[in-house]
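Some notes on the structure that comes next.
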Amino acid sequence: MRMIKGLENLPSNIDECSEIPAICSNGVCINQIGSFRCECPIGFSYNNILLICEDIDECSSGENLCQRNCINSIGSFQCLCQEGYDRTLDGKNCVDINECVSLPGTCSPGTCQNLEGSFRCICPPGYEVQNDNCIDINECEEEPNICLFGTCTNTPGSFQCICPPGFVLSDNGRRCFDVNECAENLGICINGACINTDGSFRCECPFGYNLDYTGVNCVGECREVGAELFHDHLPNSGLDLCLGLPECTGCRKAPTRVFPVTTNAIPGLHPDTDECSIGNPCGNGTCTNVVGGFECTCDEGFEPGPMMTCEGNVPLGHGAQCLSRWSPRSLAVGSVQLALPCSKKADSPVRQ
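Counted from 1, the sequence shown has number 221 at position 221 by UniProt numbering; the numbering is strictly sequential.
Written out as structure tokens, the structure is:
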């Protein structure tokens with residue numbers, strides 16, 4: 001090899017890429033005449049003092065990557081997103097997850113409201129938030145005194161009070177109040193005292209009075225209870241009858257008047273019962289069944305006994321001639337003469 005004349009004293013080129021150890025570390029060293037250059041990959045920058053490609057710490061770059069959940073790595077970084085966030089497609093940031101969209105039915109039957117990194121449920125009345133859902137409140141279990149005096153039934157988002165007879169529901173629907181029948185029905189317990197009770201009432205009759213067949217009126221003991229039934233349902237009969245008992249006075253007596261009436265005409269009346277087929281009502285006599293009662297034909301030496309004596313024909317209106325004090329609700333219709341058991345006649349006095 002022959003040197004060019006005049007260039008013998010010029011310094012020769014130094015290949016820094018091969019002469020300097022670890023030059024352009026993490027990058028590529030390219031030799032140039034009298035110099036060199038480093039080509040650094042993405043995520044690295046050239047350090048002209050250390051002559052190397054140095055990692056860029058993106059997390060401390062001030063760009064607020066990943067909502068402060070950035071982890072630097074050699075030549076790159078990684079986002080660790082908090083709960084409620086997800087990484088963007090380029091992986092360089094965290095964005096809020098809209099749970100109201102990504103989780104259909106969340107907060108049902110309430111309303112889902114998205115928040116930054118989270119969400120909340122707005123529940124309707126009667127519901128409460130449990131495990132990110134609106135759950136029905138069982139008011140019947142949580143409020144022991146609810147529906148007092150009634151029965152509490154839980155319903156979705158609410159409850160219902162079912163009150164027993166004699167009680168009414170309060171305006172707010174949370175308890176049952178007793179109905180004061182005595183105050184609301186001023187006509188009950190005539191001649192007596194109305195006593196209100198929880199869910200009902202009772203009539204207290206004074207001495208000498210008893211409850212009539214309705215159970216809500218007091219009538220004198222001398223007044224025929226059965227006649228009351230006729231008087232209430234046949235008010236035009238003009239009758240005011242009482243029992244023909246020794247202690248009773250003023251019993252009206254009149255000729256018998258008979259009117260055909262069906263059993264449906266007067267509430268409380270029942271079909272005729274054959275008394276003759278039940279035991280031996282006439283005793284020492286022959287029993288003959290009639291509508292509404294029976295007749296006794298006494299044997300020789302016997303006469304009707306003293307019980308249930310019918311003296312005369314007391315007009316009871318529309319069919320019945322004589323009423324039984326003991327069973328006013330078993331009265332039937334038709335012209336009826338209530339017979340009596342037969343008892344032995346008293347011996348005639350012996351003439352001297």
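Idealized CB from N, CA, C, for every residue including glycine. Everything numeric in this text was worked out from a predicted model, so none of it was measured.
{"Query": "Is it true that the CB of residue 193 sits closer than 7 Å to the CB of residue 181?", "Result": "no"}
{"Query": "Can you tell me where the beta strand (DSSP E) holding residue 99 begins and where it ends?", "Result": "First-last for residue 99: 99-102, but that is the alpha helix (DSSP H), not the beta strand (DSSP E)."}
{"Query": "Less than 7 Å separating the beta-carbons of residue 99 and residue 88?", "Result": "no"}
{"Query": "Look at the alpha carbon of residue 170 and the alpha carbon of residue 178, and state the distance between them as a whole number of angstroms.", "Result": "10 Å"}
{"Query": "Could you tell me whether the stretch 60-67 touches the stretch 25-35, where touching means 3 or more Cβ pairs closer than 8 Å?", "Result": "no"}
{"Query": "Residue 97 and residue 85 look like a contact to me (Cβ under 8 Å); what is the Cβ gap, rounded to whole Å?", "Result": "6 Å"}
{"Query": "Could you give the distance in angstroms between the alpha-carbon of residue 294 and the alpha-carbon of residue 165?", "Result": "42 Å"}
{"Query": "Quick one: what does DSSP say residue 54 is sitting in, helix, strand or coil?", "Result": "strand"}
{"Query": "Exposed or buried, what is residue 16 when buried is set at 16 or more other beta-carbons lying within 10 Å of its beta-carbon?", "Result": "buried"}
{"Query": "On the CB-based measure, 16 or more other CB atoms within 10 Å of its CB, does residue 362 come out buried or exposed?", "Result": "Residue 362 lies beyond the stretch modelled for the chain, which goes from 1 to 352, so this question has no answer here."}
{"Query": "Within 10 angstroms of the Cβ of residue 143, are there 16 or more other Cβ atoms? Answer buried if so, exposed if not.", "Result": "exposed"}
{"Query": "Going residue by residue through the stretch 60-144, where are the continuous alpha helix (DSSP H) segments of at least 4 residues, counting only ones entirely within it?", "Result": "99-102 and 139-142"}
{"Query": "Between the C-alpha atoms of residue 173 and residue 183, what's the straight-line distance to the nearest angstrom?", "Result": "22 Å"}
{"Query": "How many Å lie between residue 154 and residue 129 at the Cα?", "Result": "18 Å"}
{"Query": "Short of 8 Å in beta carbon distance, which residues of its chain neighbour residue 134, apart from the five on each side in sequence? Order them along the chain.", "Result": "107, 108, 109, 110, 121, 123, 124, 127 and 128"}
{"Query": "With residue 18 as the anchor, note down where its alpha helix (DSSP H) starts and where it stops.", "Result": "16-19"}
{"Query": "Start and end of the alpha helix (DSSP H) containing residue 182?", "Result": "181-184"}
{"Query": "Could you tell me which of 163, 141 and 81 sits nearest to residue 176, measuring between CA atoms?", "Result": "163"}
{"Query": "What number of angstroms, rounded off, separates the C-alpha of residue 49 from the C-alpha of residue 23?", "Result": "11 Å"}
{"Query": "Helix, strand or coil: how does DSSP classify residue 45 here?", "Result": "strand"}
{"Query": "How many Å lie between residue 43 and residue 92 at the Cα?", "Result": "13 Å"}
{"Query": "Look at the alpha carbon of residue 137 and the alpha carbon of residue 117, and state the distance between them as a whole number of angstroms.", "Result": "28 Å"}
{"Query": "Leaving out five residues before and five after residue 31 in sequence, what residues of the same chain have Cβ atoms less than 6 Å from its Cβ?", "Result": "15 and 17"}
{"Query": "Could you check where the beta strand (DSSP E) with residue 193 kicks off and where it finishes?", "Result": "193-197"}
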